[in-house]
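The block underneath contains the structure these notes are about, expressed in C-alpha cells.
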Amino acid sequence: SQQGEEDPQALSIQEGENATMNCSYKTSINNLQWYRQNSGRGLVHLILIRSNEREKHSGRLRVTLDTSKKSSSLLITASRAADTASYFCATDVNDYKLSFGAGTTVTVRA
Amino acid sequence: GAGVSQSPSNKVTEKGKDVELRCDPISGHTALYWYRQSLGQGLEFLIYFQGNSAPDKSGLPSDRFSAERTGGSVSTLTIQRTQQEDSAVYLCASSGDAEKLFFGSGTQLSVL
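Protein chains in written order, with my numbering: chain A, 431 to 540; chain B, 7 to 118.
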C-alpha cells in the first residue's frame, strides 16, 4: 500500500509562475524524498529531507517538512517548460524500502 | 556504466508467454530494486537486493514473478505465464546508500 499521497493530482501553470504540491503520509519517517518523472522515462531524484529538518533548498526547488502534520510540500519557483513532469514523494518504509505516492502531474504552459 | 540500463525498453508479448527483463545497475551500487508502475499510478515495490544478503521478495505479486541478481551486479526479472494485468512499466533502480535511488528508463511491458 502507498504511504505517501500527493495533492493535487494535476496542476497547470503559466511559465514563470510557481508550482506547489503537497505530500501527506501516514507513519513516522526518517526521511522523505521527491522525484521527478518525465514522460516515458525513469524517475530522477530531486531532493531528500530528513525528519529533523524543516526546510531544504536546491536551486529553484524548496521542500518543507512538517512531521507533526505528517506532510511535506515541494515548491518550484519561476517554472519553465522543462519542469513539465510528474512529481512523486517517497517515504522510507524501513531502512531501505521507499513507498511512492501516485504523483502530481505538472504542466507548464508557454 | 554511467547510469542504470534496462532492456528491452519495450516488450510486447502474448498472454501465457514468459518474459525476462534485464537491469544493469550503476557500477559499485550494492542495492538494487525492482518497481512496477501501472498507467497513471505510483510505484509498486517488487523486490530488493543488497549485496549477498537474502533478497526482500515481499512485493512480488504472485509466484509467477521471480528475480535474480548474478554476481552482485546484473539482475533479471522473470514473469512466467504472463497475464494482461502484468502490463505495466517495470522500473529498476540502484543505490549506493539505500537512500537515494537512481532509476533506469524502464521496460514497457504489454501483454496482449
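Quick reminder that beta carbons are idealized off the backbone N, C-alpha and C, glycines included.
Review point. What residues in its chain sit with their C-beta under 6 Å from that of residue 431 of chain A, if we drop five residues either side in the sequence?
Key: Stepping through the first sequence from its first residue, residue 431 of chain A is reached at position 1. In this predicted model, residue 431 of chain A has a pLDDT of only 48, less than 50, meaning its place in the structure is not dependable; the value taken from the coordinates is given anyway. So the list is empty, once near-sequence residues are dropped.
Check your understanding: If we count the other Cβ atoms within 10 Å of its Cβ and call it buried at 16 or more, is residue 540 of chain A buried or exposed?
Key -> Along the first sequence, one-based indexing puts residue 540 of chain A at 110. With fewer than 16 other Cβ atoms within 10 Å, it is exposed.
Check your understanding: Cβ atoms of residue 83 of chain B and residue 27 of chain B: under 8 Å apart, would you say?
Key -> For the purposes of this step, residue 27 of chain B is identified with residue 21 of the second sequence, where counting begins at 1. For the purposes of this step, residue 83 of chain B is identified with residue 77 of the second sequence, where counting begins at 1. Contact flag set, yes.
**Study point:** Under 9 Å from the C-beta of residue 487 of chain A: neighbouring residues of chain B
**Key:** Taking the first sequence and counting its residues from 1, one reaches residue 487 of chain A at position 57. Correct list: empty, because the minimum Cβ distance to chain B is about 17 Å.
Exercise for review: Let me know the secondary structure DSSP gives residue 540 of chain A once reduced to three states.
Suggested key: Locating residue 540 of chain A in the first sequence gives position 110, where the first residue counts as 1. Residue 540 of chain A: coil per DSSP, three-state reduction.
**Study point:** Residues that residue 532 of chain A contacts on chain B, provided the C-beta gap is smaller than 8 Å
**Key:** For the purposes of this step, residue 532 of chain A is taken as the residue at position 102 of the first sequence. The answer, in chain order, is 46, 47 and 48.
Exercise for review: Take the Cβ of residue 484 of chain A as the centre, count every other Cβ of all protein chains shown within 10 Å, and call the residue buried at 16 or more, exposed below.
Suggested key: In the first sequence, counting from the first residue as 1, residue 484 of chain A sits at position 54. So residue 484 of chain A ends up on the exposed side.
Exercise for review: Please classify residue 447 of chain A: does DSSP put it in a helix, a strand, or coil?
Suggested key: Counting from 1 along the first sequence, the entry for residue 447 of chain A is found at position 17. The answer is coil: DSSP assigns residue 447 of chain A none of H, G, I, E or B.
Check your understanding: Going by DSSP, what residues sit across from residue 465 of chain A in a beta bridge?
Key -> Here residue 465 of chain A refers to the residue found at position 35 when the first sequence is read from its first residue. Looking at the DSSP assignment, residue 465 of chain A forms a beta bridge with A:475 and A:518.
**Study point:** Three-way DSSP call (helix, strand, coil) for residue 431 of chain A in this model
**Key:** The count along the first sequence starts at 1 and reaches residue 431 of chain A at position 1. At residue 431 of chain A the pLDDT is 48, less than 50, meaning the model places this residue with poor confidence and gives no usable figure here.
Practice item. Kindly indicate which three-state DSSP category residue 457 of chain A falls into: helix, strand or coil? Key: On the first sequence, residue 457 of chain A is found 27 positions in, with the first residue counted as 1. If DSSP states are grouped into helix, strand and coil, residue 457 of chain A belongs with coil.
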